[in-house]
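Protein chains in written order, with the working numbering: chain Y, 744 to 1087; chain W, 744 to 1087.
Beneath this line is the structure, given in structure tokens, with notes to follow.
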């Protein structure tokens, strides 16, 4: 992705360390953080220094590589197992995380007892996972641009951008490609409470790429649907089930229902790593409930009545029946068939 | 309403001055502001020291009374006309404001050239308007409590509470009465971006009254609909049209669509002053567009990418077809008939 004229990835490995753009500081500050061990990576995922399903998948993969590099010889296997469990436990909803972590874990295990080789392979596997994720996102952008008509007014929710992936984005990869093809587009950016990933990150990426857009409150999308000023909705996903149900950032479901009622197409953009071939349906996806302080306070000050409780589910389920199609690197599929087509 | 154990109104007249609870300071600070002239009242309405359709209606009525008290004898009529235009121009969407202002304006004009009498009548008329508004709200609460089953999980949006009215509230008057009747209820409070009237004011009122509740982000309501954990939705309105379409705080439309899709009843609670007998349908209601800074900043700090524009419509239209009934002081009516029944 382009940031101040330079190409970056959100997550990468360099000189034996994991580097990540600090997404909690953006857009007011652009900073890069470095991690030398997996416990720091787990903390960074929990604190959302890195967020977005494919990006945390890659961060988890690199976290496993760091664990392999520093695991003591005498308990290599058990150390890796602890690291795997710790990394996967950081965020429950996005499946990319466990896929990325397990991919590196299993790659390393294959080379035991040749530990130097196992360590080397863990880094190679993590890089391979991250590169494939970035390539997938680029591919799905090219595939998905076909559904964006010239003149389209697009609604997106949360940040399904290059920051949320290793590079390019999912929903924003489609939008980037449509823009590159010279289509005249406009993006309504849901601010995405409680953490404002839309207002902070999606708006930032669109500004950096020069794509026309405006931030709206999450509640305002309905008004623009009512005015017939939204032509298509695209979001990312944190998990895609076998039946085509998806989990994504809280609020996605509301946009899908509105799109359905207004007969506006609603697309999910997802790389292979977001498909969970062990998950039959949306009801089976664990929904992360985060701290109420994310809703009640900002920068330490109360936005809300301090004496009232708040409920903070971070994701919701959108059933397949409200999804027009799932945009994948291999093509755009009916949600009920997407997992099968991706697995081929 | 009960605040720290004492009964208050949101807006009242005392010793020739208008007093109002400062709603921008709540819930962290409870303060009362005083106004001696209508220009200050107009500024207070614009800055949302007072907000909520019935409350700004009463504030406008008292603002007109202040104008009548201070109007120079030699240009009484033209001074009042300017005051009327200025007060009505402060907020375009709520009809209560022009109804309250015009009621006092016309009452005063009737007594010209007896100016002392006209001045006295203006204060009486404003008090009469405010008292009727408070009585209406109490009545509609008693009427509306019938639709709240014991054990109901209720969703409300924005603040349709005592603070938004002269007293009792509209949606919250219904909720207060159901609670007083001993019904075991739970209220999901939409935080209501961008100004957090739900998280700040509704949550505060419910805490003060000891009514069980939790704040959620505006986007999270869909999740609780999906889980079948919302039994009924009640909101206030800023204007009710002849055909039963209503305007209310941005985001109301989304909740109405969700309620419709989930077959959950969706009610509007509105006193007489919210009905606009000159407005045929929702499309005729002017929608106030407020400053983008309400979305992009809080307490001066950016929540959003500073270089991105934001669009800030403050209200949306909910068509009659999504409204189960309108709760009024006279009864609960089908939206298409409500204006006619209220006018009788």
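No residue lacks a Cβ here, since even glycine has one placed at the ideal position from N, Cα and C.
Minimum Cβ-Cβ distance from residue i to chain Y less than 7 Å
i: residue 960(W); result: yes
i: residue 938(W); result: no
i: residue 969(W); result: yes
i: residue 1052(W); result: yes
i: residue 1018(W); result: no
i: residue 1048(W); result: yes
i: residue 906(W); result: no
i: residue 1026(W); result: no
i: residue 1092(W); result: Outside the shown range of chain W, which is 744 to 1087, sits residue 1092(W), and nothing can be said about it.
i: residue 993(W); result: yes
i: residue 1037(W); result: no
i: residue 1001(W); result: yes
i: residue 952(W); result: no
i: residue 866(W); result: no
i: residue 963(W); result: yes
i: residue 873(W); result: no
Inter-residue Cα distance where the pair is residue i and residue j
i: residue 974(Y); j: residue 898(Y); result: 8 Å
i: residue 773(Y); j: residue 1031(Y); result: 28 Å
i: residue 1054(Y); j: residue 820(Y); result: 39 Å
i: residue 987(W); j: residue 884(Y); result: 44 Å
i: residue 1037(Y); j: residue 994(Y); result: 15 Å
i: residue 1014(W); j: residue 956(W); result: 24 Å
i: residue 849(Y); j: residue 816(Y); result: 17 Å
i: residue 890(W); j: residue 1008(W); result: 9 Å
i: residue 801(W); j: residue 845(W); result: 11 Å
i: residue 870(Y); j: residue 862(Y); result: 13 Å
i: residue 1080(Y); j: residue 985(Y); result: 8 Å
i: residue 990(Y); j: residue 900(Y); result: 13 Å
i: residue 894(W); j: residue 915(W); result: 17 Å
i: residue 809(W); j: residue 760(W); result: 7 Å
i: residue 840(Y); j: residue 961(W); result: 28 Å
i: residue 1056(W); j: residue 1070(Y); result: 32 Å
i: residue 753(Y); j: residue 948(Y); result: 12 Å
i: residue 1087(Y); j: residue 1076(Y); result: 13 Å
i: residue 769(Y); j: residue 770(W); result: 30 Å
Proximity test, Cβ basis, 7 Å: residue i and chain W
i: residue 997(Y); result: yes
i: residue 878(Y); result: no
i: residue 946(Y); result: yes
i: residue 1059(Y); result: yes
i: residue 927(Y); result: no
i: residue 1029(Y); result: no
i: residue 748(Y); result: no
i: residue 773(Y); result: no
i: residue 757(Y); result: no
i: residue 1063(Y); result: no
i: residue 886(Y); result: no
i: residue 957(Y); result: yes
i: residue 930(Y); result: no
i: residue 804(Y); result: no
i: residue 1056(Y); result: yes
i: residue 942(Y); result: yes
Selection from the options that minimises the alpha carbon distance to residue i
i: residue 932(W); options: 891(W), 977(W), 920(W); result: 977(W)
i: residue 805(Y); options: 791(Y), 782(Y), 815(Y); result: 782(Y)
i: residue 838(W); options: 1020(W), 776(W), 999(W); result: 1020(W)
i: residue 1016(W); options: 913(W), 855(W), 745(W), 854(W); result: 913(W)
i: residue 779(W); options: 770(W), 769(W), 791(W), 811(W); result: 811(W)
i: residue 798(Y); options: 904(Y), 1077(Y), 1050(Y); result: 904(Y)
i: residue 1040(Y); options: 777(W), 942(W), 784(W), 753(W); result: 942(W)
i: residue 1062(W); options: 758(W), 833(W), 1025(W), 1069(W); result: 1025(W)
i: residue 979(W); options: 1076(W), 907(W), 1035(W), 971(W); result: 907(W)
i: residue 859(Y); options: 814(Y), 826(Y), 896(Y); result: 814(Y)
i: residue 777(Y); options: 762(Y), 983(Y), 1082(Y), 1044(Y); result: 762(Y)
i: residue 1001(Y); options: 967(Y), 1027(Y), 1018(Y); result: 967(Y)
i: residue 865(Y); options: 876(Y), 823(Y), 836(Y); result: 823(Y)
i: residue 935(W); options: 874(Y), 854(Y), 1046(Y); result: 1046(Y)
i: residue 749(Y); options: 768(Y), 952(Y), 1006(Y), 833(Y); result: 952(Y)
Residue(s) in a DSSP beta bridge with residue i
i: residue 904(Y); result: Residue 904(Y) pairs with nothing; no bridge assigned.
i: residue 899(Y); result: 932(Y)
i: residue 976(W); result: 898(W), 1009(W)
i: residue 799(W); result: According to DSSP, which records beta bridges pairwise, residue 799(W) is partnered with nothing at all.
i: residue 1045(Y); result: 1040(Y)
i: residue 755(W); result: 762(W)
Within chain C, the residues that residue i reaches when beta carbons sit closer than 7 Å
i: residue 1045(W); result: Of the chains in the structure shown, none is chain C; the protein chains are Y and W.
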